[in-house]
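*Asks:* Questions regarding the structure given below will be posed in turn.
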């Protein structure tokens, strides 16, 4: 089992979140020399055994949809893959890129910059497809292609130089016994959508240093968002001439290169995707530095990734290191840097997740941040803060009564800018104080606690002010006084979303009632049942706020939070547990437990938070290890197999499929009560039976508990963070 004692990274020289990886001070370019293994340079073999953790091979056939897996880094908004051996027309280029049209993922090209060579003596193109065994790989932090053909050794790699710019290097070595004269050229072609106005949005533009893609303004709020300032640009260090013909271009080096036997030629270019003129101007300096010192970019990227893996994989057994590294790669590819109304670096749900994967979801962000802190505490802290950047305050123009609320999800465009995906109709379960404390413990620093403390207090107060309609100290999920919440159906739907378990059977028969402040002024709506998971989370929040208060020198506040936590603990133990079935349930306004829908995975949260009695934990444990209930082939479905509403398919969503965040909370709860053997057995079954956990398939949003098949979204971040925690021992303490 992994050692989960506190690890501090305060002294680590981590790169600033969202910063370009280029240093300002001049240094010898290491591109012409091998890196040496010093304290500042990554060990040459840190990627050993870690190639192709996730299958990134293939090229897109259409601008949309997007079935491929991708690599992204440093929070960039465009991502790439690697062509497969059969993608002969794209060999020498990297797949895509996929770009985010503010909120929506689209492919720009099959491969926008395909590198090729022509032999000046014969006029023939060097055919990369003639290599019978090309090496086309991904590894943490880099994509690579290697070819041996026609007496030449050709190597390409792609890394990120900043949060807007990818750097590609190509090296050509003459392995023959005669001199060669070669001319480089690059080509690409746009992928167009089938319908207007999206079809006509991008257009190729030749530039003195390469090629650019200009965009027309298209404001389709649920499909595609660009402005006339959106821009993609490839900039080359090689002097060249570019010719554009419709949707295709060809850029040709002005001068050939002569290579004696054993000699090398190097080429470098950048590919940047920006949203504004200010971003484009800032990128120009990054591009100049990257093209002047491409080896420096590579070395610093390697150093960063070696640190990620060294810290993340601490305690992971050797034969599971690939799975852990894949988890890190998935998480980092879903990192987005500030853009639009997203003001801080944060971790999104998944770049390949389609419409809803590019936003910052509140409870996703908090759960994910705790794991991100294992390898990058600064990014983890930013991820927590990213959803608080848009916390409602008393000065909010339309909902001041919701001061303290954190919106369900935020995107590039807020409602004032016409954003349709941004959602303030509800919030998400309160895990912010827990996440803040755990991220601090894993290295974020005391200043992070100071910044977060007033925001966390306001957030905690909001739950009791706006979600406890009968003022009994037990909160209920609910919805806001949003104009869209204008009927019973439109109020109840968001109230269920607020739980994070949208269609869970426990909500089927729930009503919804108004919430008012002490003066009788409406402030929102609540379901007619207090949820056991919500109040267990609020218990954990109180304990975390007590810890934070003590760390900030506020012992009286800490004592008050602990006292409130004790009261809530006792209430949940007595009022939300059914001794007859041995399970925790939601509590209806009529004082009766919501038992009729059967046992749901939310009933394990009192174990994770530590508020259950030993006797209650023993009863819950009995159901978890029972094959007729929760010990399915892939264990811990979202509702018991005995539930009348059990549906293990994708459509079931929260009525059967396994969700890895709840899986992690549940096994952590078993560990907390000493049921280590049970927890380890369930964990092993989960790792072995969930599709993609231990191979090169993408991690999924949820899983069929009977077959282990992956369901719904691919490359889902919280499945990746749960996987990494499980590989390290499966214990995520609540405080």
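Numbering (our numbering), first residue to last: 547 to 1281. No residue lacks a Cβ here, since even glycine has one placed at the ideal position from N, Cα and C. In this text the structure is predicted, and so the values were computed from the model without any measurement.
In this structure, does DSSP put residue 1066 in helix, strand or coil?
*Replies:* In the structure shown, residue 1066 sits in coil (DSSP, three-state: anything other than H, G, I, E or B).
*Asks:* Please state the DSSP three-state secondary structure of residue 1012.
*Replies:* Looking at residue 1012 - three-state DSSP - the assignment turns out to be helix.
*Asks:* Mind checking which residues open and close the alpha helix (DSSP H) that includes residue 1038?
*Replies:* Residue 1038 -> alpha helix (DSSP H) spans 1034-1044.
*Asks:* For residue 910 and residue 969, what's the separation of their Cα atoms in angstroms?
*Replies:* The alpha-carbon atoms of residue 910 and residue 969 are separated by roughly 14 Å.
*Asks:* Using 8 Å for Cβ pairs, my map puts residue 788 next to residue 757. What's the rounded Cβ distance?
*Replies:* Right, their Cβ atoms sit about 5 Å apart.
*Asks:* Which residue marks the beginning of the beta strand (DSSP E) containing residue 1214, and which one marks its end?
*Replies:* Segment 1206-1218 is the alpha helix (DSSP H) holding residue 1214; no beta strand (DSSP E) there.
*Asks:* Could you work out which residue in 1071, 848, 1146 and 903 is closest to residue 594 when comparing CA atoms only?
*Replies:* The candidate whose alpha carbon is nearest that of residue 594 is 848.
*Asks:* Apart from the five residues just before and just after residue 714, which ones in its own chain have a Cβ nearer than 6 Å to its Cβ?
*Replies:* 704 and 815.
*Asks:* Roughly how many angstroms separate the alpha carbons of residue 901 and residue 1116, rounded to a whole number?
*Replies:* Roughly 42 Å separates the two Cα atoms.
*Asks:* If we count Cβ pairs, one from each stretch, closer than 8 Å, do we get three or more for the region 913-923 versus the region 933-951?
*Replies:* No, they do not touch.
*Asks:* Who are the near neighbours of residue 899 in its chain, counting only those whose CB is closer than 6 Å to its CB and skipping five residues on each side?
*Replies:* Cβ within range, chain order: 1259.
*Asks:* Tell me the DSSP secondary structure of residue 535 in three-state form.
*Replies:* The question about residue 535 has no answer, for the chain in this structure spans 547 to 1281.
*Asks:* Can you tell which of 738, 917 and 755 has its C-alpha closest to the C-alpha of residue 748?
*Replies:* Taking only the C-alpha atoms, the option nearest residue 748 is 738.
*Asks:* Mapping the DSSP letters down to three states, classify residue 947 as helix, strand or coil.
*Replies:* DSSP places residue 947 in helix when its eight states are reduced to three.
*Asks:* Please report the straight-line C-alpha distance between residue 551 and residue 987, rounded to a whole angstrom.
*Replies:* Residue confidence is low: residue 551 scores 29 on pLDDT, short of 50, so the model does not pin down where it sits. Its coordinate-derived value is still stated next. The straight-line gap from Cα to Cα measures roughly 10 Å.
*Asks:* Can residue 599 and residue 872 be called in contact, C-beta distance under 8 Å?
*Replies:* In this structure, residue 872 lies closer than 8 Å to residue 599 by Cβ.
*Asks:* To the nearest angstrom, how far is it from the Cα of residue 1138 to the Cα of residue 1184?
*Replies:* If you take the alpha carbons of residue 1138 and residue 1184, they lie about 22 Å apart.
*Asks:* Please confirm whether residue 602 and residue 675 have their CB atoms less than 8 Å apart.
*Replies:* Going by C-beta atoms, residue 602 is not nearer than 8 Å to residue 675.
*Asks:* Where residue 762 and residue 673 are concerned, what is the direct C-alpha to C-alpha distance, given to the nearest angstrom?
*Replies:* Whole-angstrom Cα-Cα distance: 36 Å.
*Asks:* What residue does the alpha helix (DSSP H) around residue 715 start on, and which one ends it?
*Replies:* Segment 711-720 is the beta strand (DSSP E) holding residue 715; no alpha helix (DSSP H) there.
*Asks:* Please classify residue 571: is it buried, with 16 or more other beta-carbons within 10 angstroms of its beta-carbon, or exposed?
*Replies:* In this prediction, residue 571 scores a pLDDT of 27, lower than 50, which makes its location untrustworthy; no coordinate-derived value is stated.
*Asks:* Helix, strand or coil: how does DSSP classify residue 966 here?
*Replies:* Of the three classes helix, strand and coil, the one that applies to residue 966 here is coil, per DSSP.
*Asks:* In terms of alpha-carbon separation, which member of 857, 1237, 1212 and 1239 lies closest to residue 1226?
*Replies:* The candidate whose alpha carbon is nearest that of residue 1226 is 1212.
*Asks:* Count the other CB atoms, across all protein chains shown, that sit within 10 Å of the CB of residue 567; report buried if there are 16 or more and exposed otherwise.
*Replies:* With a pLDDT of 30 at residue 567, under the threshold of 50, the predicted position of this residue should be treated as unreliable, and no value is reported.
*Asks:* In chain order, what residues of the same chain lie with their CB nearer than 6 Å to the CB of residue 1268, ignoring the 5 residues before and after it?
*Replies:* Excluding sequence neighbours, residue 1268 sits near 1206, 1207 and 1210.
*Asks:* When burial is assigned at 16 or more other CB atoms within 10 Å of the CB, is residue 786 buried or exposed?
*Replies:* Classification for residue 786: buried.
*Asks:* Name the DSSP beta bridge partners of residue 520, please?
*Replies:* Past the edges of the chain, shown from 547 to 1281, lies residue 520, and the structure says nothing about it.
*Asks:* Return the CA-CA distance between residue 564 and residue 638, expressed in angstroms with no decimal places.
*Replies:* Annotation note: pLDDT 40 at residue 564 (below 50); position unreliable, no value reported.
*Asks:* Looking at C-beta atoms only, is the number of pairs between the region 639-648 and the region 663-670 that lie closer than 8 Å three or more?
*Replies:* Touching, no, given that fewer than three Cβ pairs across the two stretches are closer than 8 Å.
*Asks:* Kindly list the residues whose CB is nearer than 8 Å to the CB of residue 881, restricted to its own chain and excluding five residues on each side of it in sequence; keep chain order.
*Replies:* The answer, listed in chain order, is 618, 619, 620, 621, 891, 892, 893, 894 and 925.
*Asks:* Identify every run of the beta strand (DSSP E) within the region 611-673, keeping only runs that are complete inside it and at least 3 residues long; order them along the chain.
*Replies:* The qualifying runs are 624-627, 641-647, 650-653 and 660-665.
*Asks:* Quick one: complete beta strand (DSSP E) runs, 3+ long, within the region 1067-1095?
*Replies:* Whole beta strand (DSSP E) segments, 3+ residues: 1068-1073.
*Asks:* Find the nearest neighbour of residue 778 within the set 803, 825, 1143 and 806, judged by alpha-carbon distance.
*Replies:* Per the Cα distances, 825.
*Asks:* Using C-beta distances below 8 Å, list every residue in its chain close to residue 1263, excluding the 5 sequence neighbours before and after it, in chain order.
*Replies:* So the qualifying residues of the chain are 876, 877, 880, 893, 894, 895, 896, 910 and 914.
*Asks:* Residues bridged to residue 770 by DSSP?
*Replies:* In the DSSP output, where bridge partners are listed per residue, residue 770 has 766.
*Asks:* Can you tell me which of 1092, 1201 and 949 puts its alpha carbon nearest to the alpha carbon of residue 1026?
*Replies:* The candidate whose alpha carbon is nearest that of residue 1026 is 949.
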